[in-house]
Amino acid sequence: MTAPVSFAEELHRASMALVSTDSDTAVQRILQDDTPLLLAKLAADRAAGSFAHWGLSTVIDENLHAPVVGRTLFETLHSLAGLSAEWPVGNAGVLHLYGYLLSSITTPYGLKRERWVTDELSSAVGRSSSFVSSSGGSGWLQEVTGALVPILQNPETLEGRARARCVVDEFAPDEREEVFRAVYVAGIAGSSAVVYGVLLGGRLRLITAFPVAATTEGWLASVTAEPPRLRYNAVAHELPPRSPLAPNREIRRL
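All the letters of the sequence shown, read from the start, carry residue numbers 162 to 415 under the numbering used here.
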């Protein structure tokens, strides 16, 4: 009797098949055959409007200088999410969750999907289980959004099992008003993560979140070792990835 295929194995199989796929029809067939749960969760996120809470990101990884997914998959995922996008810039929720789950690219930190299929990130933000599961009817990005928004909006008054330890605010140049915020958060069993997004007036747009092994001070030292800039593949209106920001930054240790 054949053992059931795990979700991680489904993702691996799909990501390998997608590497050489160059048509929307073929991409959708692979997703339907290999990862129907992912398709269902993406559809649930589209229905819930989850992608509206996320900002812009480039698909070109700033460490690898290479795309984390191919152009056809990039375009198909945005189409399935009901969004328009012009390569290489797309919706950060599409790319950093669904794109990463289907990426075959190995980074210095491992596969992009590992943050979602393990409990490292979810534990760091105070959840007892992985964001990516078959339970419940809500989309995965809806669950992620609900966990991350309070961390960026109100880091000083977080409730639950996660605690913000450090907040770094960097500011858009010239007359722009965006604030680019990174929060180092500590959660269950010594886990820690960084959450990043952009605030403009009363609006928040998430960019990414990822587990970190560094201490608060170690992470802060790496951030302050260079002048303020756009980080973690973020893009803003007329500001490409890694754009310099205003020279001042605000640091709050909590």
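For glycine and all other residues, C-beta sits at the position ideal for the given N, C-alpha and C.
Quick caveat, the model's predicted, so the values are computed rather than measured.
**Q.** contact_flag[the region 279-286, the region 233-252] where n(CB pairs < 8 Å) is 3 or more
**A.** no
Q. Closest to S294 by CA distance: which of L199, R392, S404 is it?
A. L199
Q. For the region 391-411 against the region 336-351, are there 3 or more C-beta pairs whose distance is under 8 Å?
A. yes
Q.
With a threshold of 8 Å on Cβ separation, who are the neighbours of C327 within its own chain once the five nearest residues in sequence on each side are excluded?
A. V344, Y345, T377, W380, L381, I412, R413, R414, L415
Q) If you run the structure through DSSP and keep just helix, strand and coil, what is R191? A) One detail in the question is off: residue 191 reads as Ile in this sequence, not Arg. Of the three classes helix, strand and coil, the one that applies to I191 here is helix, per DSSP.
Q) By Cβ distance, which residues of its chain are closer than 6 Å to D195, with the 5 residues on each side in sequence left out? A) E171, R174, A175
**Q.** Supposed close pair T267, D185 - CB separation, criterion 8 Å
**A.** Not confirmed; about 26 Å, so no contact.
(Q) Whole angstroms are fine: how far does the CA of V255 sit from the CA of R232? (A) 13 Å
Q. I221 bridges to which residues according to DSSP?
A. P228
Q. If you draw a straight line from the C-alpha of P269 to the C-alpha of V278, how long is it?
A. 18 Å
Q. Do V180 and S296 have their CB atoms nearer than 7 Å?
A. no
(Q) Can you check which of these residues, G243, R274, S383, L241, is closest to H257 by C-alpha distance? (A) R274
Q. Is A178 near I191, with beta carbons less than 7 Å apart?
A. yes
Q. Cβ atoms of L406 and P316: under 7 Å apart, would you say?
A. no
**Q.** Per DSSP, cross-strand counterpart(s) of I412
**A.** V329
(Q) Does S183 pass the burial test, meaning 16 or more other C-beta atoms within 10 Å, or should it be called exposed? (A) Here residue 183 is Asp; the residue named in the question, Ser, does not match the sequence. Its Cβ having fewer than 16 others within 10 Å, D183 is exposed.
Q: Using the Cα positions of W301 and D206, report the straight-line distance between them to the nearest angstrom.
A: 7 Å
Q.
Taking 6 Å as the limit between beta carbons, can you name the residues of its chain near P408, skipping five residues before and five after?
A. none
(Q) Going by beta-carbon coordinates alone, are T306 and H398 separated by less than 7 Å? (A) no
Q. Under three-state DSSP, which class holds A111?
A. Residue coverage of the chain in this structure runs from 162 to 415, which leaves residue 111 outside it and unanswerable.
Q.
Can you tell me where the beta strand (DSSP E) holding A354 begins and where it ends?
A. 353-361
**Q.** Inside the region 363-404 only - alpha helix (DSSP H) runs reaching at least 4 residues
**A.** 377-385
Q. Does the beta-carbon distance from Q303 to L365 come in below 7 Å?
A. no
Q) DSSP on R324, reduced to helix/strand/coil? A) strand
Q. Going by Cα to Cα distance, which pick from L262, L360, F332 is closest to L404?
A. The identity of residue 404 in the sequence shown is Ser, whereas the question assumes Leu. The shortest Cα separation from S404 among L262, L360, F332 belongs to F332.
Q: Kindly list the residues whose CB is nearer than 6 Å to the CB of A242, restricted to its own chain and excluding five residues on each side of it in sequence; keep chain order.
A: R207, F212, V255
**Q.** First and last residue of the uninterrupted beta strand (DSSP E) at V250
**A.** 250-252
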